[in-house]
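Position one of the sequence shown corresponds to residue 413 (this note's numbering), numbered consecutively onward.
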Amino acid sequence: IMFFAQSWCLCCTTFAVLFCGLFVGSHAMTVNTDTNALPFPWDKIRLPETVKPQHYDLLIHPNLTSLTFTGVVQILIEVEQDTRAIILHSKNLQISKAQLLGSRHPQDLQTSEFEAYEQIALFSDGFTFEKGNHVVHLEFYANLSDSFHGFYKGRYTTNSGEVRMMASTQFEPTHARAAFPCFDEPAFKANFTIRVRRESRHISISNMPKLRTVEMADGLLEDQFDTTVKMSTYLVAFIISDLQSISKKSQHGVEISVYTVPEKISQAEYALNTAVTLLDFYDDYFDIPYPLPKHDLAAIPDFQSGAMENWGLSTYRESGLLFDPEKSSSSDKLGITKVIAHELAHQWFGNLVTMQWWNDLWLNEGFAKFMEYVSVNITHPELQVDDYFLEKCFTAMSVDSLTSSHPISTPVENPAEISEMFDDVSYRKGACILNMLRDFLTPEAFKYGIIHYLKTHSYQNTVNAHLWESLTNASYHSRLLLKLDGFCSKSRAESPASKWFMEDSVDVQAIMDTWTLQEGFPLITVEVKGQEVTLKQDTSSFLWQVPLTYITSHSSAVQRFLLKSEKDVLYLPKKVDWIKFNVDLRGYYIVHYKSGGWDALINQLQQNHSVFSSNDRASLIHDIFQLVSIEKIPLDKALNLSLYLSKESEIMPVTQGFNELVPLYKLMEKRNMEELENQLKGHLVKLFKTLIDRQSWSDDGSVSERMLRNYLLLFACIRRYPSCISTATRLFQQWKESDGKMWLPTDVSLVVYTEGARTDEGWDFLLEKYKRSVSPSEKWIIKAALSYSPLAHKLQWLLERTIEGEIIKTQDLPSLVISVSKNPKGFKLAWDFLKTSLLAVETPIESAFNTFKTLLKTDQNQMQCVESQTLSHTMAVLTQDSHCGEVCHSLCCCHLDHF
413 IMFFAQSWCL
423 CCTTFAVLFC
433 GLFVGSHAMT
443 VNTDTNALPF
453 PWDKIRLPET
463 VKPQHYDLLI
473 HPNLTSLTFT
483 GVVQILIEVE
493 QDTRAIILHS
503 KNLQISKAQL
513 LGSRHPQDLQ
523 TSEFEAYEQI
533 ALFSDGFTFE
543 KGNHVVHLEF
553 YANLSDSFHG
563 FYKGRYTTNS
573 GEVRMMASTQ
583 FEPTHARAAF
593 PCFDEPAFKA
603 NFTIRVRRES
613 RHISISNMPK
623 LRTVEMADGL
633 LEDQFDTTVK
643 MSTYLVAFII
653 SDLQSISKKS
663 QHGVEISVYT
673 VPEKISQAEY
683 ALNTAVTLLD
693 FYDDYFDIPY
703 PLPKHDLAAI
713 PDFQSGAMEN
723 WGLSTYRESG
733 LLFDPEKSSS
743 SDKLGITKVI
753 AHELAHQWFG
763 NLVTMQWWND
773 LWLNEGFAKF
783 MEYVSVNITH
793 PELQVDDYFL
803 EKCFTAMSVD
813 SLTSSHPIST
823 PVENPAEISE
833 MFDDVSYRKG
843 ACILNMLRDF
853 LTPEAFKYGI
863 IHYLKTHSYQ
873 NTVNAHLWES
883 LTNASYHSRL
893 LLKLDGFCSK
903 SRAESPASKW
913 FMEDSVDVQA
923 IMDTWTLQEG
933 FPLITVEVKG
943 QEVTLKQDTS
953 SFLWQVPLTY
963 ITSHSSAVQR
973 FLLKSEKDVL
983 YLPKKVDWIK
993 FNVDLRGYYI
1003 VHYKSGGWDA
1013 LINQLQQNHS
1023 VFSSNDRASL
1033 IHDIFQLVSI
1043 EKIPLDKALN
1053 LSLYLSKESE
1063 IMPVTQGFNE
1073 LVPLYKLMEK
1083 RNMEELENQL
1093 KGHLVKLFKT
1103 LIDRQSWSDD
1113 GSVSERMLRN
1123 YLLLFACIRR
1133 YPSCISTATR
1143 LFQQWKESDG
1153 KMWLPTDVSL
1163 VVYTEGARTD
1173 EGWDFLLEKY
1183 KRSVSPSEKW
1193 IIKAALSYSP
1203 LAHKLQWLLE
1213 RTIEGEIIKT
1223 QDLPSLVISV
1233 SKNPKGFKLA
1243 WDFLKTSLLA
1253 VETPIESAFN
1263 TFKTLLKTDQ
1273 NQMQCVESQT
1283 LSHTMAVLTQ
1293 DSHCGEVCHS
1303 LCCCHLDHF
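Structure, rendered in structure tokens:
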């Protein structure tokens, strides 16, 4: 699953604290108040392991007029030891009949419900379910959910204004139980045979191909689908709608289709071609054929998550799947490609091999996030996806440095705890430590290990140790082959300073347990004296086994050193001017250079920054500002390093520079320190002036160049840089006079719209275009521009209308509130909105905020700020003016928007 959050960070405010207070409810148990009721026969939140489902025969019949559904399920279960009751999951379902089917006559069963644990018990007085196979028959009914989970209702409006209803599913992590009674835990894998009854004006799709459609006596149609492979309940999916599709076969013979609402089918072609390419890639890379005959990708108008990997039927937000060649930007193309790559990677990591329990969710999500980059880098090199992996690790570190962080593998029990695992630690940190491990083992050994892991555990469930075992074996065989072919003497493991020797046994589990079973990441302190390099871990909390990489002023060849202890020493072949660790951020750690180490690196950046790769330059910027936040380095040294950015032109160092410098003036905005704020903003414009002036208002260049263009021009216009303002104003006026028909370069349209939204007339015009647009990409850009407006009354109107869900969908409310809150004119509005409007929130909006709540949940002790730094010192460094006067007592170092 792709959770939909823009990695916004609301730092040094109590905004997050209040928000969480609004939504963190009680999870106290509820019990049947009937004093005559028997006690529920099971007292654990996890189901008994002695009853296992083998096969579900499921019939679902939604009514899109009454917005209800009925269902029948027959579950073949294996009872491993005699029991008086069968315990399974059910949530908000009314069970109208329960029977045990036998060779002679069905036996009626009683049901008992324990709502607190979302469980039901099936039993009959004096009856024992004996060891062996049984079939239970359950009939049930319920309302289609108002939320974005379970079996829920959705709608969309056609261009003619007609509202059309649909029903779709979102079961991960614990919502299949809200659609049909089931054993709703990932380890209870089974086969599913699904039937869907519908009206003739609709279609239905599910995990497997449709075998036949049967006409029923009442005029309804029943679609009967082929039986699935063995899989977990959270991967079951079915959609009833009037979606249309386009299709294409992969090289391996898999039928791939993309479904959208009829008016957007023209935007499905890019996703279809991308899915074909990526599915073929994974087929070959994993050396395991995709096991189903088809795969559908469905764009759902009402969808909270970014996407969901249901086996054979992945579902997406429309903005995550649909690409309009005329209106979608280069960043849209990159994002869509990565989302598809993520969900298709899950067909192997997560679907074919599934974590035993949600505590190891990262085995699904970390791998899928990591494979996004591996696959897209090979299949779509023009997207330059490697430029953006770095940012994922920086984001993970910003979350992982908080006291609210958790180990990648964390014990969880109830649905609320499970939902909180879908965060940057599971996704991004998981991907980053896998990237580190791949570099440590070599890409070849790593690939061999994961193929072995997938083949060994297909259709089964795993824990961390299974992966480490496969990778350890792969490492052993890889080293053995290197010895046998005589290549050992040339391998990287025999570099003079290396401690990765072929003779050493590699215990992957011992290394990786330090990364998965404890939160945070190491700070490595480096001190160079002659040829001796002293390495030290900050062991205030934990100790890691750290695969270090480094280059020096003497050699650009990557050297390696495995740091297993708190302190160690490596020796260089000769003295060097500087040493730089964590080459290209291949490792998940930050580095502090003592005894003039930072001064040497800063001097090299100022003399010739191209000696370092763009990723190395970005990581130096990141690390030094993180060290400022923990008072290891004075702020003036970090600001001195940032001055080299006037000569920078690559996207990652530039954006990381913004990420570190913008919070300085954001703080001043919050404190109404207008004079100093304007001085710093002016300095930032001056710092990047040469690069800004080089930008064309076009879609020319590589993907990274185009994305950087949008970034820089948006910053320049918001900072009121004259040449940017005049061009954006002229283009908006021309576009408006053409009634929006004039083509704008897609990569600068956000800049133009944002400038237009500064006036009432322009804002209203953009809103009308938003209402009429059928392009998810265009709607996202316009929505962003509206939220960036300095017009407070328009921002207030936008928030109020969004909570109604008519103009802007409820699913977009969290990102909109965050966006408005980052606007200096909207911060208080967003704050007041949360305090008032959301106190009376209805179910669908509360559901839409679950991810947002998790992102923001923190406390004041977790705010990473720089203490005792004077603002006069800051401004003196930046502007060479020592007369700034004001004192800034704390500078927040979270990454904020570039306003």
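Just so it is clear, CB atoms sit at the ideal spot from N, CA and C, and this is done for glycine as well.
In angstroms with no decimal places, state the Cα-to-Cα distance between Val-484 and Ile-677. 34 angstroms
Separation of Ser-977 from Ser-813, as counted between CA atoms: 21 angstroms
Between which two residues does the alpha helix (DSSP H) containing Lys-1049 stretch? 1047-1054
Nearest CA to the CA of Trp-927: which residue from Ala-710, Leu-955, Asp-919, Thr-937? Leu-955
Would you give the residue range spanned by the alpha helix (DSSP H) that Thr-807 belongs to? 798-812
Starting from Glu-1089, trace the alpha helix (DSSP H) in both directions and tell me its first and last residue. 1086-1099
Which word fits Asp-1028, buried or exposed, when buried means at least 16 other C-beta atoms lie within 10 angstroms of its C-beta? buried
Compare the C-beta of Asp-1224 against all C-beta atoms of chain B and say whether one is closer than 8 angstroms. Among the chains in the structure shown there is no chain B, since it carries only a single protein chain.
Secondary structure at Met-414, three-state DSSP: helix, strand or coil? strand
From what residue to what residue does the alpha helix (DSSP H) around Ile-862 run? 855-868
Reduced DSSP secondary structure (H/G/I, E/B, other) of Ser-787: helix
Taking the alpha-carbon of Leu-1156 as reference, which of Ser-1110, Leu-1178, Ile-658, Tyr-1133 has the nearest alpha-carbon? Ser-1110
Helix, strand or coil: how does DSSP classify Gly-665 here? coil
Comparing C-alpha positions only, which one of Leu-802, Lys-941, Lys-859 sits nearest to Ala-1030? Leu-802
Alpha carbon to alpha carbon, how far is Asp-1143 from Leu-795? First, the residue type needs correcting, since residue 1143 is Leu and not Asp in the sequence shown. Cα to Cα, the separation comes out at about 27 angstroms.
Beta-carbon proximity of Leu-866 to Ile-748, cut-off 8 angstroms: no
What residue does the beta strand (DSSP E) around Lys-1195 start on, and which one ends it? Per DSSP, Lys-1195 belongs to no beta strand (DSSP E); it is in the alpha helix (DSSP H), 1188-1199.
Below 8 angstroms on the Cβ atoms is my contact criterion, and I expect Leu-879 with Leu-764 to pass it. Report the Cβ-Cβ distance as a whole number of Å. Incorrect: roughly 14 angstroms between the Cβ atoms, too far for contact.
Pull up the distance between the alpha-carbon of Asn-571 and that of Glu-675, whole angstroms please. 8 angstroms
State the CB to CB distance for the pair Glu-742 and Arg-1106, rounded to an integer number of angstroms; the pair is presumed to be in contact (CB under 8 angstroms). Per the sequence shown, residue 742 should be read as Ser rather than Glu. In fact, because the Cβ distance is near 18 angstroms, the residues do not count as touching under 8 angstroms.
Buried or exposed: where does Met-414 fall if 16 or more other Cβ atoms within 10 Å of its Cβ makes it buried? buried
For Ala-579, write down the residues that DSSP places opposite it in a beta bridge. Lys-565, Ile-652
Span of the beta strand (DSSP E) holding Gly-1174? Per DSSP, Gly-1174 belongs to no beta strand (DSSP E); it is in the alpha helix (DSSP H), 1172-1184.
Identify, in the order they occur along the chain, each residue of the same chain with its Cβ nearer than 6 angstroms to the Cβ of Gln-636, setting aside the five sequence neighbours on each side. Arg-607, Leu-623, Arg-624
Name, in chain order, the residues that DSSP records as bridge partners for Glu-939. Thr-946
Would you check if the region 1200-1219 and the region 1242-1250 touch, i.e. whether three or more CB-CB distances between them fall below 8 angstroms? yes
Per the DSSP calculation, Ala-602 is bridged to which residue(s)? Met-643
Our contact map puts Asp-596 next to Met-620 with C-beta atoms below 8 angstroms; I'd like the distance itself, whole angstroms only. Contact flag wrong, Cβ pair sits at about 20 angstroms.
Does the distance from the C-beta atom of His-1034 to that of Thr-937 stay below 8 angstroms? no
Along the chain, which unbroken stretches of the beta strand (DSSP E) at least 3 residues long are found entirely within the region 950-994? 958-964, 971-975, 979-983, 991-993
Starting from Asp-692, trace the alpha helix (DSSP H) both ways and give me its first and last residue. 681-698
Taking one C-beta from the region 659-668 and one from the region 715-723 each time, how about it: are there three or more such pairs within less than 8 angstroms? no
Buried or exposed for Pro-959, going by 16 or more other Cβ atoms inside 10 Å? buried
Quick check on Thr-822: buried or exposed, where buried means 16 or more other Cβ atoms within 10 Å of its Cβ? buried
Between the CA atoms of Ala-1140 and Met-1154 - distance to the nearest angstrom: 14 angstroms
Determine the direct distance from the alpha carbon of Glu-881 to that of Val-920, and round the result to whole angstroms. 7 angstroms
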